[in-house]
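Structure, as structure tokens:
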Amino acid sequence: MNEPTIRLEVRPEVSAFVDQVRARLSDLSDEDREELLGGLEADIAELVSDGGSVAELGDPRAYADELRAAAGITGCADGRGRGSLRERSTSRPVDERLTSVLDGSRRQWIELAETPALRGVWSFVVAIRPLWWVIRAWVAVQLVDMRASTDYWAKPVPSLGGPVVGTVLLAVAIVLSVQMGRGRLWPRSGPVRPVVSRVVLVVLNGFALLMVPVVLGNFPSYGVWEYRDILGGELPDVTPGLVSDGQAVANVFPYDAQGNPLTGVQLFDQDGNPLNVARFAGDDFNERTGKRVVTYPWLNGGRRLYNVFPLPRRDQRSDFGGVRADAWTTANPPYLPTPPLAVVPPATLPTPAAPEPTDAAADEDRERR
Amino acid sequence: MDSTQLLKGVLDLAVLAVVGQEDGYGYDVLRRLRAGGLDGVGDASVYGTLRRLYASGALTSYVVPSDEGPHRKYYGITTAGRAQLKQQREDWLAFSSAVTRLLDQTQTQGASA
């Protein structure tokens, strides 16, 4: 008999094997299962340290069945689930195939991750796993926000109609997600679960991963606070850009003295500063269609000019919020909007009555002397 | 003849005998069975048998914790287990000697024929 003081190294493939045996016994009550599995890890670990290998134990599922049969526990793996016999016979093959696919990929993954080259990276990834739990919760709330909110930019903490709602929902989502990650909440984590839970978790995680770029795409590239300052209307003392009667001007349509619309008119104020329209003042978002209309600047080389009128516009998909550098080369380039009025009445200045231009010049000349 | 089929019937007895000799944990019992000549015995069958004998009250069990790594689960024989061992030993001896006798007879007859 061995010394009671023992020190066994449990190699990852041993844990993985025991996990798979445990998964195969998932239909048993927790008590029965743990009773069956008690000490198994130590036994197999010792087999391995004795020069044996996990591979010689064969298929973990067959091993589990043998264990179960020898222990005389009724209801083998085929009897899992509470459905009728017919349901079981139709659902089982899919069930089992999925389980073996999941187990197989997990085993391969662990083998890969435990190679010397990747071991360090993998342990780092495992260490930052909680970060992913937080990120997926955040992504989920952002997705809800995208559907529910009228704001067309995402915010770091989604508002969902009010500052408290979004914050609370985010906090709840993070708690739920972390608890799932820790295995405290359905669908839990790891292989020791019914196949449905495992598939649900894989699908949800995959979906969250795919949605990360979508959510990030909803953030304005220049920073969300700038946008809020301009259009959020909460703080600004001074509305940036051209203002008329306290309202931000979205676009300007110049006409010449004859009343015909002009294109490409550059406006400057009395000090020579450009009369810019606030960059997003003209942007429009149709909640129903999800279409966004974005104001585009004129260009001077790489510089964007918002004081040249009228400013072009472009219909964009909702997930591309801002001005895109390649917009003009796409099949859907920006266009110059139709002026609100086709023509306007001509404008004139009162003409001075008599003097000929030459005489006036002569007068001026005389005065100067 | 495939000894695993034979083994199934007497695994309880073999395990009881080994544990009755001295307490042991799963792998230890397995090793002792194999050292005793039952090398066809399956790991999981032995572990399962231990669990079943424990559940039926023939064995007791206790955990020996380790500073590091998994705990080891030891099994020892109970009074009920000893009684079962005694009974099964008698059954086995009667049975095996009957079979042996039978084999001896048929072989003698076969040889004399």
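Respectively, the protein sequence lines represent chains E and A.
According to the numbering used here, the residues represented by the first sequence are 1 to 369, in order.
According to the numbering used here, the residues represented by the second sequence are 370 to 482, in order.
In this text, a Cβ means the ideal position worked out from N, Cα and C, and glycines have one as well.
Near residue 298/E, which residues of its chain fall below 6 Å by C-beta distance, leaving aside the five closest residues on each side in sequence? 305 and 308
In chain E, what lies closer than 7 Å to residue 413/A by C-beta? 63, 66, 67 and 70
Could you tell me the boundaries of the alpha helix (DSSP H) in which residue 324/E lies? Run containing residue 324/E: none; DSSP gives neither H nor E here.
Quick one: residues in its chain with C-beta nearer than 8 Å to the C-beta of residue 258/E, no 5 flanking neighbours on either side, listed in chain order? Around residue 258/E: 346.
Would the stretch 9-29 of chain E count as touching the stretch 417-435 of chain A if we require 3 or more Cβ pairs under 8 Å? Between the stretch 9-29 of chain E and the stretch 417-435 of chain A there are fewer than three inter-stretch CB-CB distances shorter than 8 Å, so the stretches are not counted as touching.
Secondary structure of residue 244/E, DSSP reduced to three states: Here residue 244/E sits in strand by DSSP.
What whole-angstrom Cβ distance do residue 300/E and residue 315/E have, given they're in contact under 8 Å? About 25 Å; that fails the 8 Å criterion.
Output yes if chain A places a C-beta closer than 8 Å to the C-beta of residue 57/E; else output no. For residue 57/E, the answer is yes, since a Cβ of chain A falls inside 8 Å of its Cβ.
Any C-beta of chain A under 8 Å from that of residue 210/E: no
Chain A residues whose Cβ lies nearer than 7 Å to that of residue 38/E: 442
Run through chain E and tell me which residues come within less than 9 Å of residue 417/A, C-beta to C-beta. 36, 66, 67, 68, 69, 70, 71, 72 and 73
For residue 420/A, return the contacting residues in chain E, with the cut-off set at a CB-CB distance below 7 Å. 35, 36 and 71
Candidates 35/E, 323/E, 342/E and 343/E, of which the one nearest residue 334/E by Cα: Measuring C-alpha to C-alpha distances from residue 334/E to each of 35/E, 323/E, 342/E and 343/E identifies 323/E as the nearest.
According to DSSP, residue 294/E sits in a beta bridge with which residue or residues? 314/E
Using a Cβ-Cβ cutoff of less than 8 Å, which residues in the same chain neighbour residue 180/E once the five nearest sequence positions on both sides are dropped? 133, 186, 187, 188, 189 and 201
Since residue 402/A and residue 415/A should fall inside the 8 Å C-beta cutoff, what is the C-beta to C-beta distance between them, to a whole number of angstroms? 6 Å
On the DSSP letters alone, give me the boundaries of the beta strand (DSSP E) that residue 430/A sits inside. 428-433
Enclosing beta strand (DSSP E) for residue 443/A [first to last residue]: 441-446
For residue 10/E, does the three-state DSSP call read helix, strand or coil? coil
Whether residue 40/E touches residue 18/E by CB criterion (8 Å): Contact flag set, yes.
Start and end of the beta strand (DSSP E) containing residue 303/E? 303-305
Taking the alpha carbon of residue 413/A as the point to measure from, which residue in 207/E, 56/E and 50/E has its own alpha carbon closest? Minimum Cα distance to residue 413/A is reached at 56/E.
Using a C-beta to C-beta distance shorter than 7 Å, which residues of chain D count as neighbours of residue 396/A? Looking at the structure shown, chain D is missing, and the protein chains on hand are E and A.
Contact check, residue 98/E vs residue 199/E, beta carbons under 8 Å: In this structure, residue 199/E lies closer than 8 Å to residue 98/E by Cβ.
Identify every residue that forms a DSSP beta bridge with residue 393/A. 444/A
Do residue 251/E and residue 282/E count as a contact pair if the criterion is CB distance below 8 Å? yes
Taking Cβ positions, are residue 444/A and residue 381/A nearer each other than 8 Å? no
Which one of 42/E, 123/E and 14/E has the shortest CA to CA distance from residue 53/E? 14/E
Per DSSP, what are the beta-bridge partners of residue 276/E in this structure? According to DSSP, which records beta bridges pairwise, residue 276/E is partnered with nothing at all.
Would you say the stretch 133-147 of chain E touches the stretch 205-221 of chain E, given that touching needs at least three Cβ pairs under 8 Å? yes
What do you reckon, are the CB atoms on residue 173/E and residue 137/E nearer than 8 Å? Yes, the Cβ-Cβ distance between residue 173/E and residue 137/E is below 8 Å.
Take the Cβ of residue 225/E as the centre, count every other Cβ of all protein chains shown within 10 Å, and call the residue buried at 16 or more, exposed below. Here residue 225/E scores only 49 on pLDDT, less than 50, and its place in the model should not be relied on; the value that follows carries that caveat. Exposed, since its Cβ has fewer than 16 Cβ neighbours within 10 Å.
Could you name the residues of the same chain whose beta carbon sits closer than 8 Å to that of residue 398/A, not counting the 5 residues immediately before and after it, in chain order? Apart from sequence neighbours up to five positions away, the residues of its chain that approach residue 398/A with a beta-carbon distance below 8 Å are 384, 387, 388, 415, 419 and 444, ordered along the chain.
Alpha carbon of residue 120/E to alpha carbon of residue 114/E, nearest angstrom: 9 Å
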